[in-house]
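Residues 1 to 542, numbered by the UniProt record's numbering, are exactly what the sequence shown covers, in order.
Below is one structure, written out as structure tokens; comments come after it.
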Amino acid sequence: MALDASHQVRMPPSGCYNLLSDPVIEINGIITNHHIVELSIRWNNRHHLHIQSNSPITSCRDECQVNTTINHDDSTSTMVTIRSRYLVQIAIHDNRQHPSWIDIMISMDDNLVHPYGLLSKPDSPITIKDGVNGIDYENNVYDAAHGAIHVERTCQWNQSLKIWWHGPQFTFHGVATVNRELILSLINSMPQLPISITARDDEGIVLSADQDDRFSQIQSRMVDRAPNDDDMIAVQSGWEPIISPPRSGITWIMTLPWEFGIVPKDWAASATSEIDAPAQIWIPSQYVRNCYTKAGVPDDNIVVIPHGVWSDQFNHKTNHKDMFPTAKKYRFLFSGGMLARKGIDVLLSAYLKSFSPQDQVTLIIHGNYENYYLSNIKRIINDASNPHVILHNDMLTVQQVRDMYNHVHCYVMPYRSEGFGLTLLEAMAAQIPVIVTDYGPSKEYSNHDNSYLLKSVETVCDQPPCGKRTVFQYSLDGDPMWSEPSASDLSALMKHVYNNQQQAQFKALIAHRFVQSYWTWHRASRIMMKQLTKVALSRARK
């Protein structure tokens, strides 16, 4: 059942206004001193419709239909239909009979409507940051009466907000990927934000700048070292970890994930130090937050900045040449380090148990690392009694990584430990079924409706990189923990997905829509902007 609401609002003073905010759709408005009205509608975190009363500018994607008519002697009226779920109608009147009035009608599913009325206080205050014409919007519909619009001026400028981001950018590494996308999401949302970047790309193979047109936006902001500006906010992000500011007295943010239970002693000590402690710690999941709080780091200093995808980059229809030539009709994919913590041994055991050389199935392993698992995989490939396996350990371009998902039928991620699991989210965005360990951060976005969950038990990590109360070279105040996924359950799930492909595709469609609507880099940029502003305001009060 849909709810229709029609409101007429006296033209308020010039300023920035938020008319509606929920997890899917935002409607923001600007009113100038000359009563020119601009309306920005954003849905699914990515797509915009921008309407200006004296010069309409419209752009639309994803099943959106727009009809706009302009008559300055009468009114400007616009109707927008978005995915058959929302109806937004705006009429701007500026004539002698109705000077400076706005008519707004919104119709949407009632599960997105608050009991107090369509444009009233949400259950949880929602702060929205947008970047239309360089202006920020904040949610301000907190005290609306029943069935009424109540807006106040909320124009805010972040002219004093200056960011320096220090971390890898162009290496073949998950940390570099996350850094790039977080920075690009900030630039996309707020192009005028002063942000400078110093890359830590001295380790590993470096991506060429022409692999992605967006890379130029990062390169144009590159500097050799931290700016000599005590007003900046420094974001330290990398591996090896950086647990100190670029210099004493600088306001800084530590962004550092972990995946083995309690975080190292040194990290906790830095986070709680009375001198030069980070203003905030940014981590990608609630699971990692818990790793910090177990070490005594205050919860209110830890902020979850979730990872995401640009869902339109993962088009499940492709005409590219087959990346993995094989006569086999069904393909499982594993992508990542061939390491115990990624569960490669569990996957190999389950796959060999589940299938035979006669089955129309192959396992594609894309990864690197010269270790025992690599030589073992080569032995499996050379044994004709085993089911088919393809090893692909060449470096891929950014576009090839995106395309990789389009050439397979199921993504398998039987990890023992993870900080987030970005490749899993990418596979979901590409609309392919996923099998994933039911443990840790994946539980925050995968469930029985959109994924195949692999049974596991939490246990002490007793394999490299873990030692006795150590991980890598770091000392812990407790045992390192991870999960032990069930190889027999993985075997059953792989056979089930192979034999029930229609059901698997339905799960994949649910996952695709869920990720497209919620797990986006733009959502991450909103949270970052809110937290950066919070840090800047807190510093100003000291």
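Even glycine gets a Cβ: it sits at the ideal position worked out from N, Cα and C.
Please read these numbers as outputs of a predicted model, since none were measured by experiment.
Supposed contact pair S417 and residue 551 - C-beta distance, whole angstroms, cut 8 angstroms: Residue coverage of the chain in this structure runs from 1 to 542, which leaves residue 551 outside it and unanswerable.
Identify the residues that DSSP records as bridge partners of T293: which are they? Note: T293 sits in no beta bridge, so no partner.
Thinking L280 and Q531 are a contact (beta carbons under 8 angstroms), I'd like their distance in whole angstroms, please. The sequence shown places Gln at residue 280, not Leu. Sure, about 6 angstroms apart at Cβ, within 8 angstroms.
Would you report the Cα separation of M190 and L161, rounded to the nearest angstrom? 12 angstroms
Quick test of the definition: if touching needs 3 or more C-beta pairs under 8 angstroms, does the segment 406-421 touch the segment 377-394? no
Closest residue to G337 among S349, N368, D345 and L347 (Cα-Cα distance): N368
Could you tell me the alpha carbon to alpha carbon distance between A199 and P480, rounded to whole angstroms? 31 angstroms
Spatial distance of G478 from N290 (CA atoms): 14 angstroms
By DSSP, does residue 547 sit in helix, in strand, or in coil? Residue 547 lies beyond the residue range present for the chain, which begins at 1 and ends at 542; the question has no answer from this structure.
Given a cut-off of 8 angstroms on the beta-carbon distance, is the pair A536 and I305 in contact? no
In the DSSP output, what is P485 paired with across the bridge? S456
Count the C-beta pairs between the segment 451-466 and the segment 431-439 that are closer than 8 angstroms, then say yes if the count reaches three, no if not. yes
Indicate the three-state DSSP secondary structure (helix, strand or coil) for Y498 in the structure shown. helix
Using DSSP with H/G/I as helix, E/B as strand and the rest coil, what is G174? helix
Determine the direct distance from the alpha carbon of P485 to that of G343, and round the result to whole angstroms. 8 angstroms
My understanding is that S196 touches P227, with C-beta atoms under 8 angstroms, so please give their C-beta distance in whole angstroms. 6 angstroms
As a quick exercise: from V361, C466, H366 and Y373, pick the residue whose alpha carbon is nearest that of N386. V361
Neighbour-count burial assignment, Q399, 16 or more Cβ in a 10 Å radius: exposed
Taking the straight line between their C-alpha atoms, what separation do you get for V497 and K455? 16 angstroms
Measure the C-alpha to C-alpha separation of M174 and S446 and round it to an integer number of angstroms. The question names Met, but residue 174 in the sequence shown is Gly. Roughly 20 angstroms between the two C-alpha positions.
Quick check: the segment 428-435 against the segment 262-277, are there 3 or more CB pairs under 8 angstroms? no
Taking DSSP as the reference, what is the three-state secondary structure of R214? coil
In chain order, what are the residue ranges of uninterrupted alpha helix (DSSP H) at least 4 long that sit wholly in the UniProt domain "Glycosyl transferase family 1" (322-451)? 344-354, 372-382, 398-404 and 422-429
Given that a residue counts as buried once 16 or more other Cβ atoms are within 10 Å of its Cβ, and exposed if not, what is E458? exposed
Among the candidates W165, P257 and R469, whose CA atom is the shortest distance from the CA of I187? W165
Is V223 helix, strand or coil when you go by DSSP? coil
Since G467 sits in a beta bridge, which residues does DSSP pair it with? T470
Which partner residues of M254 appear in the DSSP bridge assignment? Q236 and I281
State the Cα-Cα distance for the pair P245 and L363, rounded to the nearest angstrom. 45 angstroms
So the candidates are T255, W519 and V288; which of them puts its Cα closest to the Cα of L425? W519
Between the segment 371-383 and the segment 465-474, are three or more C-beta pairs nearer than 8 angstroms? no
Return the residue from the list G249, L256 and R221 that minimises the CA-CA distance to S237. L256
For Q505 and R402, which I take to be in contact (beta-carbon distance under 8 angstroms), what is that distance rounded to the nearest angstrom? About 20 angstroms; that fails the 8 angstroms criterion.
State the beta-bridge partners of W165 as determined by DSSP. I197 and V235
To the nearest angstrom, how far is the alpha carbon of D136 from that of M232? Reliability of the predicted coordinates at D136 is poor, the pLDDT of 35 falling under 50, and no value is obtained from them.
How about M494 and A350: do their beta carbons lie closer than 8 angstroms? yes
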